[in-house]
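**Q** There's a structure below that I have some questions on.
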Amino acid sequence: MSYVAPLDEMLFLVENVCNIKKLNKYQQYAHLDIPTISAILDEIGKLSTKIIEPVNRLSDLSPPKIVDGEVVCSPGFIEAYRAIADGGWVGLSAGSEFGGMALPLVLNSCANEMMGSACLSLSLNPLMTQGQIEALETHGSSEIKNIYLPNLISGKWSGTMNLTEESAGSDVGSLRTVAHPVGDGSYEITGQKIYISWGEHNLTENICHLVLARLPDSAEGTRGITLFLVPKFIPTGSNTIGKRNGSITSSRLTTQGKVTVGPGMRVEAKI
0 MSYVAPLDEM LFLVENVCNI KKLNKYQQYA HLDIPTISAI LDEIGKLSTK IIEPVNRLSD
60 LSPPKIVDGE VVCSPGFIEA YRAIADGGWV GLSAGSEFGG MALPLVLNSC ANEMMGSACL
120 SLSLNPLMTQ GQIEALETHG SSEIKNIYLP NLISGKWSGT MNLTEESAGS DVGSLRTVAH
180 PVGDGSYEIT GQKIYISWGE HNLTENICHL VLARLPDSAE GTRGITLFLV PKFIPTGSNT
240 IGKRNGSITS SRLTTQGKVT VGPGMRVEAK I
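270 is the number that numbering that gives the first Met the number 0 gives the last residue of the sequence shown; the numbers go up by one with no jumps.
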């Protein structure tokens, strides 16, 4: 049975339960009337049913493979992802300053619901990137925002969250990954992470990892955790990438050994 996007139900909930019309009192949402919202949902529905849903079965029949140490995604995933990115849906709720649509989170939730229902495995990629965009918008330095946000919002790059360790799953505060400052504004991170959703793939030219680690003198538990932004390839400019970063290994989908984080790449986001 093919997926059918519940457009009427979503529009009803957005209008009558979420009461999205209240947002019209804010200048940035003054244009957001019900016909506009309906058109947005309709476009996401078409994308989900016509482009994303067909690759769901293909990924079962032909799962991703490791070829020469690189992960090659299932057939159709590159094309479906590009449709998501080119449509602007990765940055639906991201700020307009860096290319996002700046639409309410409730519409982003509707979009993710439809894309996830069509193909959950693929939809997790933009979902993880959206979480990174929000973190950087809130906590990133101007340098980080200017380099990373345009590329993440456009879907040119993607993001992940490196949280879980073999000895620190649900007990995040016991993680052992350590970040050592090297004196030039960068850090070397020593540790191993597991279960990294979309930790390696061939959909984007760069993969940006938010790694939970602690400084040598940090407090115990969750208060001592810092987020570090660790790109697979070190950016050499706002739209270009350089050499591969440290020893982020693709074949095991883990961040292990020493990883050098470029100057200014520390994100001051305490958990």
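Ideal Cβ positions, reconstructed from N, Cα and C, are used throughout, including at glycine. As the structure is a computational prediction, the values presented were derived from the model and not from experiment.
1. Along the alpha helix (DSSP H) that carries G241, what are the first and last residues, could you check?
2. Please report the distance separating the alpha-carbon of M114 from that of C72.
3. Alpha carbon to alpha carbon, what distance is there between T239 and A178?
4. Could you have a look at N201 and say whether DSSP puts it in helix, strand or coil?
5. For the alpha helix (DSSP H) holding A110, just list the boundary residues, first then last.
6. In its own chain, which residues sit with a C-beta less than 7 Å from the C-beta of C17, not counting the 5 before and 5 after it?
7. Measure the alpha-carbon distance for I146 versus G236 and round it to whole angstroms.
8. Over what stretch of residues does the alpha helix (DSSP H) that includes I8 continue unbroken?
9. Per the DSSP calculation, V229 is bridged to which residue(s)?
10. Return helix, strand or coil for R213, following the three-state DSSP convention.
11. I need the boundaries of the beta strand (DSSP E) containing S169, first residue and last residue.
12. Just how far apart, CA to CA, sit I43 and P5?
13. The alpha helix (DSSP H) spanning S73 covers which residue range?
14. Among F97, A110, D67, G241, which residue has its Cα nearest to the Cα of L40?
15. For the alpha helix (DSSP H) that T35 lies in, which residues bound it at each end?
16. Under three-state DSSP, which class holds T159?
17. Assign Q27 to buried or exposed, taking buried as 16 or more other Cβ atoms, counted over all protein chains shown, within 10 Å of its Cβ.
18. Between E204 and the rest of its own chain, which residues show a CB-CB distance below 6 Å, the 5 nearest in sequence each way excluded?
19. Alpha carbon to alpha carbon, what distance is there between M127 and K144?
20. Taking Y147 as part of the alpha helix (DSSP H), name the residues at either end of that continuous run.
21. Considering only residues of the same chain and omitting the five flanking positions on each side of L135, which have a CB-CB separation below 8 Å?
22. Helix, strand or coil for E219, going by three-state DSSP, please let me know.
23. Going straight from the alpha carbon of V89 to that of M160, what length do you get?
24. Which term fits N244, buried or exposed, when burial requires 16 or more other beta carbons within 10 angstroms of its beta carbon?
**A** Reading it off the structure:
1. In the sequence shown, counting from the first residue as 1, residue 241 sits at position 242. No alpha helix (DSSP H) holds G241; the beta strand (DSSP E) holding it covers 240-243.
2. As a working mapping, residue 114 is identified with position 115 in the sequence shown. As a working mapping, residue 72 is identified with position 73 in the sequence shown. So the alpha carbons of these two residues sit roughly 17 Å apart.
3. Numbered from 1 along the sequence shown, position 179 holds the residue referred to as residue 178. Numbered from 1 along the sequence shown, position 240 holds the residue referred to as residue 239. Their backbone Cα atoms lie some 26 Å apart in a straight line.
4. Sequence index remark: in the sequence shown, residue 201 carries index 202 (1-based). It is coil, neither helix nor strand.
5. Numbered from its first residue, the sequence shown carries residue 110 at position 111. Where A110 is concerned, the enclosing alpha helix (DSSP H) stretches over 104-117.
6. Mapped onto the sequence shown, residue 17 falls at position 18. Within the same chain, C17 has close Cβ partners V105.
7. Numbered from its first residue, the sequence shown carries residue 146 at position 147. Numbered from its first residue, the sequence shown carries residue 236 at position 237. I146 and G236: Cα-Cα distance of roughly 7 Å.
8. Taking the sequence shown and counting its residues from 1, the one referred to as residue 8 is at position 9. For clarity, residue 8 is Glu in the given sequence; the question names Ile instead. Run containing E8: 6-11, per the alpha helix (DSSP H) assignment.
9. Start at 1 with the first residue of the sequence shown, and residue 229 comes out as number 230. For V229, which the question treats as bridged, DSSP gives the partners H208.
10. Here residue 213 refers to the residue found at position 214 when the sequence shown is read from its first residue. Here R213 sits in strand by DSSP.
11. Residue 169 sits at position 170 when you count from the first residue of the sequence shown. Unbroken run through S169: none, as it is neither H nor E.
12. Start at 1 with the first residue of the sequence shown, and residue 43 comes out as number 44. Start at 1 with the first residue of the sequence shown, and residue 5 comes out as number 6. Approximately 11 Å, taken between the alpha carbons.
13. For the purposes of this step, residue 73 is identified with residue 74 of the sequence shown, where counting begins at 1. Careful: S73 lies outside any alpha helix (DSSP H) and carries neither H nor E.
14. Position 41 of the sequence shown, counted from the start, is the residue given in the question as residue 40. Selection F97, A110, D67, G241 evaluated against L40 yields A110 as nearest (Cα-Cα).
15. In the sequence shown, the residue the question calls residue 35 occupies position 36. Where T35 is concerned, the enclosing alpha helix (DSSP H) stretches over 33-45.
16. Numbered from 1 along the sequence shown, position 160 holds the residue referred to as residue 159. Note: T159 maps to strand in three-state DSSP.
17. Residue numbering aside, residue 27 sits at position 28 when the sequence shown is read from its first letter. Q27 should be labelled exposed.
18. As a working mapping, residue 204 is identified with position 205 in the sequence shown. Closer than 6 Å at the Cβ level, and outside the excluded window around E204, lies no residue.
19. Counted from its first residue, the sequence shown places residue 144 at position 145. Counted from its first residue, the sequence shown places residue 127 at position 128. Rounded to the nearest angstrom, the two C-alpha atoms are 17 Å apart.
20. Locating residue 147 in the sequence shown gives position 148, counting from the first residue. Unbroken alpha helix (DSSP H) run through Y147: 141-153.
21. For this step, residue 135 is matched to residue 136 along the sequence shown. Take L135, set aside five residues on each side of it, and the residues of its chain with a beta-carbon closer than 8 Å to its own are I143, K144, Y147, L148, L151, L228, V266, in chain order.
22. To locate residue 219, count along the sequence shown from 1; it is residue 220. Looking at E219 - three-state DSSP - the assignment turns out to be coil, as it is neither helix nor strand.
23. Within the sequence shown, numbered from 1, the residue matching residue 89 stands at position 90. Within the sequence shown, numbered from 1, the residue matching residue 160 stands at position 161. Computed Cα separation, rounded: 16 Å.
24. Looking up residue 244 in the sequence shown gives position 245. So N244 counts as buried.
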